[in-house]
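**Student:** Residue numbering for the sequence shown follows the working numbering, starting at 1065 and increasing by one per position.
Cβ atoms here follow ideal geometry from the backbone N, Cα and C, with glycine treated the same way.
Supplied in structure tokens, the structure appears directly below.
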Amino acid sequence: MGCNNSCLQRSSHTRHMQPRVAASSATILWAPAAERPGLAPRSRLNVAGGLMPVFLFYPQTPDGACLTFVSASLADDAEAVRHAAQVLADHASADEVAVWQGERLIAVHGRDSSATPPAIGHVLLVEDCFFQAETFKLAFREAGFAVACASGEADAAAQLQARTPDIALVDIDLGDGPSFAVAETLEAQKVPFLFVTGYDRAILPARWRHIGHVCKPVMGSQVVEAAKAVINPSPLAA
């Protein structure tokens, strides 16, 4: 279901302090967990030259502002570079990711860089709340999946055109109330899917009452287990 835009509102305060990277790039700013100053919304870059908080910047909104959020803990340079590769895999609008610590450029990771293939499969996550999507995405990554993210019906259609996932997780409300357009597309393409939503199962049309339904709030690990059960059903469940 819907998510507020406080992350977009905060971005206007940090926008002018970003390192210089290409307009199509995402930027990871990170510091070791022990030195991170916390996750308060007022946190911003330390222009005095010290370590800065951890943010991801995606310069892809219509007005040119940057979508901002605090990233996962990154223990060292190598982990930061691995995280950069994952960002590119998840967000098609970024051509490269520049990894910085303070004013130190650690690495620039582009789409031509090598990546390790997923061990389990490919997931399409259709969720308009950025932070909810990040929670689920990290859980799937830890389980060995590759994840593509879509925040709306058009994004989902583009992702499906680029690649057919092994399973899709679909939020019914993508900002404008209940909609089943994505489910219809997935059904037409014979892609297995689950509904992950705050709505009760009773809202589902009769044609989809047999589809798995995971009710929010829910932990990322629970969503992963539900997806695994669809991809590899137990013989007892057949």
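#1: Give a yes or no on whether the minimum CB-CB distance between residue 1271 and chain B is below 8 Å.
#2: How long is the line joining the alpha carbons of residue 1285 and residue 1233, rounded to whole angstroms?
#3: What whole-angstrom Cβ distance do residue 1238 and residue 1216 have, given they're in contact under 8 Å?
#4: For residue 1281 and residue 1226, I'd like the C-alpha separation in whole angstroms.
#5: For residue 1264, does the count of other Cβ atoms within 10 angstroms reach 16, so buried, or fall short, so exposed?
#6: Could you tell me whether the Cβ atoms of residue 1223 and residue 1212 are closer together than 8 Å?
#7: Could you name the residues of the same chain whose beta carbon sits closer than 7 Å to that of residue 1287, not counting the 5 residues immediately before and after it, in chain order?
#8: Going by beta carbon distance, what residues of the same chain come within less than 6 Å of residue 1065, once the five residues before and after it are set aside?
#9: Tell me the rounded alpha-carbon separation between residue 1255 and residue 1209.
#10: My output table needs one value for residue 1228: the three-state DSSP class, helix, strand or coil.
#11: Quick check: residue 1220 and residue 1187, are their CB atoms within less than 8 Å of each other?
#12: How big is the Cα-Cα spacing for residue 1182 and residue 1272?
#13: What is the DSSP secondary structure of residue 1238, reduced to helix, strand or coil?
#14: Taking the alpha carbon of residue 1291 as the reference point, which residue from 1235, 1253, 1142, 1230 has its own alpha carbon closest?
#15: Quick check: what's the CA-CA separation for residue 1253 versus residue 1240?
#16: Beta carbon of residue 1275, beta carbon of residue 1185: below 8 Å?
#17: Which residues does DSSP pair with residue 1257 in a beta bridge?
#18: Out of 1235, 1205, 1228, state which residue places its alpha-carbon closest to the alpha-carbon of residue 1289.
#19: In whole angstroms, give me the CA-to-CA distance for residue 1102 and residue 1147.
**Tutor:** Checking against the coordinates, here is how it stands:
#1: Judged by its chain identifiers, the structure shown contains no chain B, having just a single protein chain.
#2: Taking the CA atoms as reference points, residue 1285 sits about 14 Å from residue 1233.
#3: 5 Å
#4: 30 Å
#5: Exposed is the call here.
#6: Contact: yes.
#7: 1200, 1203, 1233, 1260, 1278
#8: Because the pLDDT at residue 1065 is just 49, under 50, the model does not fix this residue reliably, and the point stays unresolved.
#9: 16 Å
#10: coil
#11: no
#12: Low local confidence applies: a pLDDT of 49 at residue 1182 is under 50, so the model's placement there is unreliable, with the coordinate-based value given in what follows. In a straight line, the C-alpha of residue 1182 is about 29 Å away from that of residue 1272.
#13: In the structure shown, residue 1238 sits in coil (DSSP, three-state: anything other than H, G, I, E or B).
#14: Of the listed residues, the one whose Cα sits closest to residue 1291 is 1230.
#15: For residue 1253 and residue 1240, the distance between alpha carbons rounds to 24 Å.
#16: no
#17: 1232
#18: Out of 1235, 1205, 1228, 1205 has the C-alpha closest to the C-alpha of residue 1289.
#19: Residue confidence is low: residue 1102 scores 37 on pLDDT, short of 50, so the model does not pin down where it sits. No coordinate-derived value is stated.
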